[in-house]
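Notes to accompany the following structure.
2 protein chains.
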Amino acid sequence: MSTGTLKFSLENISQDIVKGNRRSLARALSIVEDGGPDAVWLVRKLFPYAGRAHLIGITGSPGVGKSTLVDALISEIRADGLKVAVLAIDPSSPFTGGAILGDRIRMQGHTLDKNVFIRSMANRGHAGGTALATYDAARMLEAAGYDVIIIETVGVGQSELAIAQTADTTVLVLMPGSGDDIQAIKSGIMEIGDIFVVNKGDLPGANKTASEILASLELNPKGAEWKPTVHVTNAEVNEGVNLVWKSISAHKACLESSGQLKERRKHKLQSELSELVADIARNNLKNSLAHSPQVQQLLNRLLDREIDPHSAAECVVEDIYSEKRK
Amino acid sequence: MSTGTLKFSLENISQDIVKGNRRSLARALSIVEDGGPDAVWLVRKLFPYAGRAHLIGITGSPGVGKSTLVDALISEIRADGLKVAVLAIDPSSPFTGGAILGDRIRMQGHTLDKNVFIRSMANRGHAGGTALATYDAARMLEAAGYDVIIIETVGVGQSELAIAQTADTTVLVLMPGSGDDIQAIKSGIMEIGDIFVVNKGDLPGANKTASEILASLELNPKGAEWKPTVHVTNAEVNEGVNLVWKSISAHKACLESSGQLKERRKHKLQSELSELVADIARNNLKNSLAHSPQVQQLLNRLLDREIDPHSAAECVVEDIYSEKRK
Numbered sequence: 014m015s016t017g018t019l020k021f022s023l024e025n026i027s028q029d030i031v032k033g034n035r036r037s038l039a040r041a042l043s044i045v046e047d048g049g050p051d052a053v054w055l056v057r058k059l060f061p062y063a064g065r066a067h068l069i070g071i072t073g074s075p076g077v078g079k080s081t082l083v084d085a086l087i088s089e090i091r092a093d094g095l096k097v098a099v100l101a102i103d104p105s106s107p108f109t110g111g112a113i114l115g116d117r118i119r120m121q122g123h124t125l126d127k128n129v130f131i132r133s134m135a136n137r138g139h140a141g142g143t144a145l146a147t148y149d150a151a152r153m154l155e156a157a158g159y160d161v162i163i164i165e166t167v168g169v170g171q172s173e174l175a176i177a178q179t180a181d182t183t184v185l186v187l188m189p190g191s192g193d194d195i196q197a198i199k200s201g202i203m204e205i206g207d208i209f210v211v212n213k214g215d216l217p218g219a220n221k222t223a224s225e226i227l228a229s230l231e232l233n234p235k236g237a238e239w240k241p242t243v244h245v246t247n248a249e250v251n252e253g254v255n256l257v258w259k260s261i262s263a264h265k266a267c268l269e270s271s272g273q274l275k276e277r278r279k280h281k282l283q284s285e286l287s288e289l290v291a292d293i294a295r296n297n298l299k300n301s302l303a304h305s306p307q308v309q310q311l312l313n314r315l316l317d318r319e320i321d322p323h324s325a326a327e328c329v330v331e332d333i334y335s336e337k338r339k
Numbered sequence: 014m015s016t017g018t019l020k021f022s023l024e025n026i027s028q029d030i031v032k033g034n035r036r037s038l039a040r041a042l043s044i045v046e047d048g049g050p051d052a053v054w055l056v057r058k059l060f061p062y063a064g065r066a067h068l069i070g071i072t073g074s075p076g077v078g079k080s081t082l083v084d085a086l087i088s089e090i091r092a093d094g095l096k097v098a099v100l101a102i103d104p105s106s107p108f109t110g111g112a113i114l115g116d117r118i119r120m121q122g123h124t125l126d127k128n129v130f131i132r133s134m135a136n137r138g139h140a141g142g143t144a145l146a147t148y149d150a151a152r153m154l155e156a157a158g159y160d161v162i163i164i165e166t167v168g169v170g171q172s173e174l175a176i177a178q179t180a181d182t183t184v185l186v187l188m189p190g191s192g193d194d195i196q197a198i199k200s201g202i203m204e205i206g207d208i209f210v211v212n213k214g215d216l217p218g219a220n221k222t223a224s225e226i227l228a229s230l231e232l233n234p235k236g237a238e239w240k241p242t243v244h245v246t247n248a249e250v251n252e253g254v255n256l257v258w259k260s261i262s263a264h265k266a267c268l269e270s271s272g273q274l275k276e277r278r279k280h281k282l283q284s285e286l287s288e289l290v291a292d293i294a295r296n297n298l299k300n301s302l303a304h305s306p307q308v309q310q311l312l313n314r315l316l317d318r319e320i321d322p323h324s325a326a327e328c329v330v331e332d333i334y335s336e337k338r339k
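Residue numbers (the working numbering), protein chains in the order written: chain A, 14 to 339; chain B, 14 to 339.
As structure tokens, then:
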């Protein structure tokens, strides 16, 4: 893959990204999304530029109005003179890897603004992989000089949370009377939210939902530095969104002054490292599955129930080590 | 952990499970949920009993009425004289690992029936881990003689789909006018659905939603053996649920007669094996992170941006190999 010519063009891409070239940035994001040696090359090159932007994760169930809220937030962020990028992560199939067109054509109000960059990303084969691609995509955007990066995911499942946790500040969006969401929040999702937004505040029950969240927060206090905030918004008509943005900025200031930002980022790098190592192991196995007669034989023994999956996995790990030893 | 006494009591648990003791089964499911050497021991012991039951995955966004549908399906399955177990996987926090009480207290109509077993399971730290625990939990239920195992997950995200794919037959539940879900389905989730159910069929637009799904199915034909079916139900009043159960049974018959069942199960064992190997790698790293000064040093270099995450991961993999070689 990485011939001299390709390296040369990757070199060009990385140089152009730092100069703020949007086309090169788009190209780099595609490369990072696909993964592989070119993606690794770009990350190696641009990693020194990362760590400057404020990463904001925004998540919530389908239909609560996340995209509308993000759209309104972009206006607030731009009013502060900051450059902003949005990564919308799609809950697409592990098979097609296709992205939802709907997300791409939303947020059209900002398409002419050169300081706004919006991009959809498809899910990789597994949740960990998508989080890894998200980390790397954010690095490309940081190298391109974006001050704020919004990572928008759909849903409150495990994988969406893993992705939301790549952020410095996590915003959970709900709508009035979303009983199942409140259940999920009570059961623990709450712990990852720094800021809670009850959107569609014109619907009945908005204040009740906000009170329920506040009550849950008081039952599960999160630490002294930051007390999570709860906002009622109607993003459609831009109501309350400025307060959400103020709260996001206050959270960042709090992370910085308390030293928590460094702690959080260390923790994230640690998770990323362990996910990357697991990924290398998974890929090594994919190669073994295709090429190693030993692994094929194990698979057949598994099907015949002569061996159980855990013992088979241990055999494979042994195999990989002994192959490496040769 | 595995002292003689503990082994003895695990031995008892495994024997009692096969005899159909519900308390031992519940205990085994907790052990499997927690993971670790005791879980592996039980799976080794009971793996030969697995592979007999029909595994049905049921998934859909919050609020579409999955639990009500499952409740109604249980009645249909029991009417056919089959023993049925339900595993409800909760979208709980990676931090608390707590399960949602709501799911546990649902489906109360069947609590007195000795041939129905209902159990909530919390998500493990990562999506792959939850799928692994689901495989093992299903094995315990198969050893206990359940003919049908329903795996219910909340959401249409990556992790929920990974869990749904542990099943032989996957049922996707929607409700009328769930635009975002249809989007997701169009983008590829469709491929994993064998049967589609538009629940809450009394709401306006139910037939329109069913038609949209049918139209998408015709655009993406799935192979000759099985043509996915689309049903409109109102599970609350038990409308249309018998047809869903008939379709699930027909799908099973089709998998068996076409030889696809064996293919699917081989594919699942292959995924499980690669996830288990990745898991071993991840755990090895967790130990290294705590104990290895080399890994701690790498982490500090990462924080100072002297090294990028991909290069760091390669160093760690090399470290693990060379440690093993000693």
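Just so it is clear, CB atoms sit at the ideal spot from N, CA and C, and this is done for glycine as well.
Check                                                                                                                                                                                   : Outcome
Give every residue of the same chain whose Cβ lies closer than 6 Å to the Cβ of B:I320, excluding the five residues on either side of it in the sequence, and list them in chain order. : R314
Going by CA-CA distance only, name the one from A:W54, A:L227, A:E288, A:P217 that's closest to A:A175.                                                                                 : A:E288
Under 8 Å Cβ-Cβ, which residues of chain B neighbour A:P322?                                                                                                                            : V56, F60, Y148, L282, E285, L286, L289
Quick check: is the beta carbon of A:S74 nearer than 8 Å to any beta carbon in chain B?                                                                                                 : yes
Do you know whose CA, among A:Q309, A:V329, A:C267, A:S270, lies nearest A:V294's CA?                                                                                                   : The question names Val, but residue 294 of chain A in the sequence shown is Ala. Looking at the Cα atoms, A:V329 is the closest of the given residues.
Any beta-carbon of chain B closer than 8 Å to the one on A:A326?                                                                                                                        : yes
Can you round the beta-carbon distance between B:I163 and B:I71 to whole angstroms, since I take them to be within the 8 Å contact cut?                                                 : 6 Å
Between the Cα of B:V167 and the Cα atoms of A:S74, A:L316, A:F60, which residue gives the shortest distance?                                                                           : A:S74
Please tell me whether B:R314 has its Cβ less than 8 Å away from any Cβ of chain A.                                                                                                     : no
Can you give me, in chain order, the residues of the region 295-311 of chain B that have a beta carbon less than 7 Å from any beta carbon in chain A?                                   : R295, L298, K299, L302
For a contact defined as C-beta to C-beta under 8 Å, what are the partners of A:K79 on chain D?                                                                                         : Given the protein chain composition of this structure (A and B), no chain D is represented.
Only counting the same chain, and skipping five residues up and downstream in sequence, which positions put a Cβ closer than 6 Å to that of A:H123?                                     : I87, V129
Please state if the CB of A:V186 and the CB of A:N212 are separated by a distance shorter than 8 Å.                                                                                     : yes
Kindly identify the DSSP beta-bridge partner or partners of A:H244.                                                                                                                     : A:V210
Quick one: grab the DSSP three-state call for B:S287.                                                                                                                                   : helix
Just to confirm my understanding: we take B:Y62, look at its own chain, exclude 5 residues before and 5 after, and list those with CB closer than 8 Å. What are they?                   : V31, R152, E155, A156
Scan the region 59-86 of chain B and note each continuous beta strand (DSSP E) run of 3 residues or more that stays entirely inside, going in chain order.                              : 67-73
Quick check on this structure: which residue in A:R318, A:V308, A:L282 has the alpha carbon closest to the alpha carbon of A:E331?                                                      : A:V308
Who are the near neighbours of A:P241 in its chain, counting only those whose CB is closer than 7 Å to its CB and skipping five residues on each side?                                  : G206, D207, I208, F209, L230, K235
In terms of DSSP beta bridges, what is A:M134 paired with?                                                                                                                              : A:I102
Taking the alpha helix (DSSP H) that A:L316 falls in, what are its first and last residues?                                                                                             : 306-316
Which chain B residues sit within Cβ distance under 7 Å of A:R318?                                                                                                                      : F60, P61, G64
Would the beta-carbon of B:D354 fall within 8 Å of that of B:A52?                                                                                                                       : Residue 354 of chain B is absent from the structure shown; chain B starts at 14 and stops at 339.
Closer than 8 Å, CB to CB, is B:K279 near chain A or not?                                                                                                                               : yes
In its own chain, which residues sit with a C-beta less than 6 Å from the C-beta of B:V97, not counting the 5 before and 5 after it?                                                    : I87, I90, V129, V161
Quick check: the Cα distance between B:L95 and A:L311, rounded to an integer number of angstroms?                                                                                       : 33 Å
Throw me the rounded Cβ distance for the B:D181 and B:L274 pair, which I believe falls under 8 Å.                                                                                       : 7 Å
Check whether the region 248-258 of chain A touches the region 78-85 of chain A, taking contact to mean three or more Cβ pairs, one atom from each stretch, closer than 8 Å.            : yes
Can you tell me the Cα-Cα spacing of B:L42 and B:E24, whole angstroms?                                                                                                                  : 15 Å
Would a check of beta-carbon distances place B:F108 closer than 8 Å to chain A?                                                                                                         : With a pLDDT of 33 at B:F108, under the threshold of 50, the predicted position of this residue should be treated as unreliable, and no value is reported.
Please tell me whether B:V99 has its Cβ less than 8 Å away from any Cβ of chain A.                                                                                                      : no
Short of 8 Å in beta carbon distance, which residues of its chain neighbour B:G132, apart from the five on each side in sequence? Order them along the chain.                           : Checking the displayed sequence, the identity of residue 132 of chain B turns out to be Arg instead of Gly. Around B:R132: A39, L42, A98, V99, L100, A101, A150.
Can you check which of these residues, B:H264, B:V77, B:T179, B:N220, is closest to B:K281 by C-alpha distance?                                                                         : B:T179
Quick check for students: name the residue ranges of the alpha helix (DSSP H) that lie wholly in the region 22-56 of chain B, counting only runs of 4 or more.                          : 35-47
Using three-state DSSP, classify A:T179 as helix, strand or coil.                                                                                                                       : coil
Whole angstroms is fine: what's the gap from B:A219's alpha carbon to B:K279's?                                                                                                         : 37 Å
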